[in-house]
Amino acid sequence: MTSPAAPAGRARLPWVRLALVGAAGGLLSGAFGVGGGILMVPLLMTFAGMNQRRASSASLAAIVPAAVAGSITYLVNGQVDLLATLFVAIGGIAGSWVGSWLLRRLSLGWLRWLFIALLVAVAVRMLLAIPERGDGALEFDVASVAAMLALGVAIGFASGLFGIGGGIIMVPAFIALFGMSDLVAKGTSLAVMIPTAVSGTIANARAGIVDLRAAVIVGVAATAASFAGVAIAFLLSPEWSARLFAALVIVAAVQLTVRAIALRRRERPRDA
1 MTSPAAPAGR
11 ARLPWVRLAL
21 VGAAGGLLSG
31 AFGVGGGILM
41 VPLLMTFAGM
51 NQRRASSASL
61 AAIVPAAVAG
71 SITYLVNGQV
81 DLLATLFVAI
91 GGIAGSWVGS
101 WLLRRLSLGW
111 LRWLFIALLV
121 AVAVRMLLAI
131 PERGDGALEF
141 DVASVAAMLA
151 LGVAIGFASG
161 LFGIGGGIIM
171 VPAFIALFGM
181 SDLVAKGTSL
191 AVMIPTAVSG
201 TIANARAGIV
211 DLRAAVIVGV
221 AATAASFAGV
231 AIAFLLSPEW
241 SARLFAALVI
251 VAAVQLTVRA
261 IALRRRERPR
271 DA
C-alpha cells in the first residue's frame with residue numbers, strides 16, 4: 001500500500017529505467033561539466049512518468065554523488081580552480097534556497113516553459129561561442145570576486161528551480177567572463193555543484209518533494225557513468241564538445257515542448 005506522502009505508482013518506478021536515466025546524466029556530467037539534470041529532468045518526466053517538480057527535485061539530489069566523483073577526477077588531473085569554487089559556491093548556496101522555494105510555489109505549467117526557454121538559450125550560447133583549450137589563469141580582485149558571488153547566486157537559483165547543477169550556466173560563464181580553459185571550467189563547475197545541490201536538496205527534502213528511492217538509484221548510476229564522461233571530455237576537442245552538447249540540449253527542448261503542448265491541452269481548465 002502506498003504511503004499518503006507518496007503519489008500512486010511512485011514506489012513502482014522500474015529501477016532499470018531510473019538507472020539508465022542516471023547513467024545518461026552521469027555521462028553528460030563528466031563529459032561537459034554539468035550536473036546532468038539538463039538531461040535527467042526530461043528523461044525522468046518521459047520514461048519514469050514524473051512531473052516537472054518531482055523530476056527536478058530527484059535530479060538535484062542525484063547530482064550530488066555524480067558531481068563529487070566527477071570533480072575529484074578533474075582535480076586529480078589539475079583541472080579545478082579551488083578558490084573560484086569557494087566564491088561561486090558561497091553565492092550558489094544562497095541562490096539555491098530561493099530557487100527551491102520557487103519550485104514549491106510556481107505552477108507546473110510555468111516550470112515546463114521556463115525550463116524549455118533555458119534549454120534553448122543554452123543551445124544557442126554553445127553554438128555561438130566555441131571555447132578554447134589552454135592554460136587560462138584566473139586573477140582575483142574585488143571585481144572578479146563580486147562577479148563570482150553574483151554568478152553563484154544565479155547558478156544556485158537555476159539549480160533549486162530547475163533541478164540542474166548549474167553547469168550549463170557556469171561553464172560558458174567561466175570561459176567567457178573569467179578566461180578559464182574549457183577543462184578547468186568543467187572541473188570547477190562540478191566542484192561548485194556539490195554544496196549548491198546539497199543545499200537545494202535539503203530544502204526540497206524538508207518540503208517533502210524528493211523521491212529518495214529514485215534519487216538514490218539515479219545518483220548511483222550517474223556516479224558510475226561520470227568517470228567515463230570525464231575520459232570523454234579529455235578526448236573531445238572544444239569544438240566537438242560544444243556541438244554535441246548543443247545537439248543534446250536541442251533534442252531535449254523539442255521533446256519537452258511537444259510534451260508541454262500535449263499536457264497543456266489536457267490541463268486547460270487548471271495547471272497540475
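For the sequence shown, my numbering begins at 1 and goes up steadily by one. Note that beta-carbon positions come from the ideal geometry of N, C-alpha and C, so glycine has one too. The structure presented is a predicted model; accordingly, all values stated were derived computationally and were not measured.
Proximal residues to residue i (C-beta, below 6 Å), its chain only, five neighbours per side dropped
i	result
M50	L44
A260	R112
S334	Since the first residue of the chain shown is 1 and the last is 272, residue 334 is not available in this structure.
Cβ neighbours of residue i in the same chain (closer than 7 Å, five flanking residues each side left out)
i	result
V254	none
M1	With a pLDDT of 40 at M1, under the threshold of 50, the modelled position of that residue is not reliable, and the figure given next carries that caveat. Excluding residues within five positions, none has a Cβ falling inside 7 Å.
F140	L83
A150	G91
Endpoints, the alpha helix (DSSP H) within which residue i is located
i	result
I217	212-235
P42	37-47
G70	52-76
R105	Element bounds for R105: n/a, residue is neither H nor E.
V277	What is shown of the chain runs 1 to 272, which leaves residue 277 out entirely.
Own chain partners of residue i with C-beta closer than 8 Å, once the 5 adjacent residues on each side are dropped
i	result
A5	Only weak support exists for where A5 lies, its pLDDT of 43 falling under 50; the value from the coordinates is given anyway. For A5, where only same-chain residues beyond five positions count, the Cβ hits under 8 Å are G208.
T196	A89, G92, I93, G95, S96, G152, I155, G156, S159, G165, G166
For this session: Could you say if the region 78-87 and the region 177-187 meet the contact criterion of at least three C-beta pairs nearer than 8 Å?
Result: yes
Exercise. What are the start and end residues of each continuous alpha helix (DSSP H) run of 4 or more residues lying completely inside the region 135-204, in chain order?
Worked result: 142-162, 167-178
Exercise. Okay, do the region 65-77 and the region 18-37 touch, 3+ Cβ pairs below 8 Å being the bar?
Worked result: yes
Problem set entry | the region 221-228 touching the region 14-25, judged by at least three CB pairs closer than 8 Å | yes
For this session: Would you check if there are 3 or more beta carbon pairs closer than 8 Å linking the region 151-159 to the region 90-100?
Result: yes
Exercise. Is the region 50-59 touching the region 201-210 in the sense that three or more CB pairs, one from each, lie closer than 8 Å?
Worked result: yes
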